[in-house]
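J.:
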Amino acid sequence: MKRTFHNLLFGLGVLTIALAPRAAWAETRPVQLSLFNPVQIFSESHSIKGLRINLLYGKNQDMTGLDVGLVNHAAGTTKGLQWGVVNYTEQNFRGWQAGYVNITNGDFKGYQEGLFNGADRMTGFQFGLVNMTDHMHGFQLGFFNLTNSAKGLQVGLLNVIKNKDTLPIFPIVNWSF
20 MKRTFHNLLF GLGVLTIALA PRAAWAETRP VQLSLFNPVQ IFSESHSIKG
70 LRINLLYGKN QDMTGLDVGL VNHAAGTTKG LQWGVVNYTE QNFRGWQAGY
120 VNITNGDFKG YQEGLFNGAD RMTGFQFGLV NMTDHMHGFQ LGFFNLTNSA
170 KGLQVGLLNV IKNKDTLPIF PIVNWSF
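Quick look at the structure:
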């Protein structure tokens, strides 16, 4: 079974490389395997469009596709599914982040689920114990929800919308539209 998995992974890599457009090879690669940065197939300056597997820690510029590992780090933008223990995107994220800790420093559009979810500007849905944003447009469901401003709904034990004029802190449910 282990050999079958290795053959399948190798075949997927060969197929992805064969089908990738040659012009995109300048700084974008179709597949990445990383033990920890810098021990990875391609350097962190390359972007990945396809599959990235980070055994311990992987870092690349942009990531589009499936990003799986213990610690997944994109210095730029991520589009797709990021699934790991810690997911960190320095700029914008579009898609689904699932892990214990999910952090996006820019615009987040999609679904975040984990023990801790954080984003500068979130449009979508956050589900976790602690959800934090600078601006939230959507829905937060968690034990503790915190945002500076909101156009949406918070459901949790403690909900905070700092820039709300009346009742900025409210248990169970809080909203601002």
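Residues in the sequence shown are numbered from 20 upward in steps of one, following the working numbering. All C-beta atoms, glycine included, are put in the ideal place defined by N, C-alpha and C. What you are looking at is a predicted structure, and each value in this text was computed from that prediction instead of being measured.
Using CA atoms only, rank isn't needed, just tell me which of L186, V87, G157 and L165 is closest to K148.
T.: According to the sequence provided, residue 148 is Leu. The question's Lys does not apply to it. Residue L165 is the option with its Cα nearest to L148.
J.: Let's test the definition: count the other Cβ atoms within 10 Å of the Cβ of A43 and tell me whether it reaches 16, buried, or not, exposed.
T.: Residue placement at A43 is poorly supported in this model, since its pLDDT is 47, which falls under 50; the coordinates still yield a value, given next. Classification of A43: exposed, given that the 10 Å Cβ count is below 16.
J.: So, Q51 versus N79, is the Cβ gap smaller than 8 angstroms?
T.: Yes; because the gap between Cβ atoms is below 8 angstroms, this pair is in contact.
J.: Output the distance between the C-alpha atoms of I180 and Q145, rounded to the nearest integer angstrom.
T.: If you take the alpha carbons of I180 and Q145, they lie about 15 angstroms apart.
J.: Report yes if the CB atom of M155 is closer than 8 angstroms to the CB atom of G137, and no otherwise.
T.: No, these two residues do not count as a Cβ contact at 8 angstroms.
J.: Taking the continuous beta strand (DSSP E) assigned at Q173, which residues delimit it?
T.: First-last of the beta strand (DSSP E) with Q173: V120 to I180.
J.: Three-state secondary structure (DSSP) at K183?
T.: Three-state DSSP puts K183 in coil, outside helix and strand.
J.: Ignore the nearest five residues each way along the sequence and tell me which others in R41's own chain have a CB closer than 6 angstroms to its CB.
T.: For R41, the predicted model reports a pLDDT of 47, less than 50, meaning its position is unreliable; a value from the coordinates is still stated below. So the list is empty, once near-sequence residues are dropped.
J.: What separation, rounded to the nearest whole angstrom, lies between the Cα atoms of E63 and R71?
T.: Rounded to the nearest angstrom, the two C-alpha atoms are 12 angstroms apart.
J.: Anyone know if the C-beta pair for G129 and N121 falls short of 8 angstroms?
T.: It is not a contact, given that the beta carbons lie outside the stated cut-off.
J.: Compare the C-alpha of N167 against each of G118, L176 and P187 and name the closest.
T.: It is P187 whose Cα lies nearest to the Cα of N167.
J.: Identify whether I60 lies in helix, strand or coil by the three-state DSSP scheme.
T.: Correct three-state label for I60: coil.
J.: May I have the straight-line CA-CA distance separating Q159 from G88, to the nearest angstrom?
T.: Roughly 25 angstroms separates the two Cα atoms.
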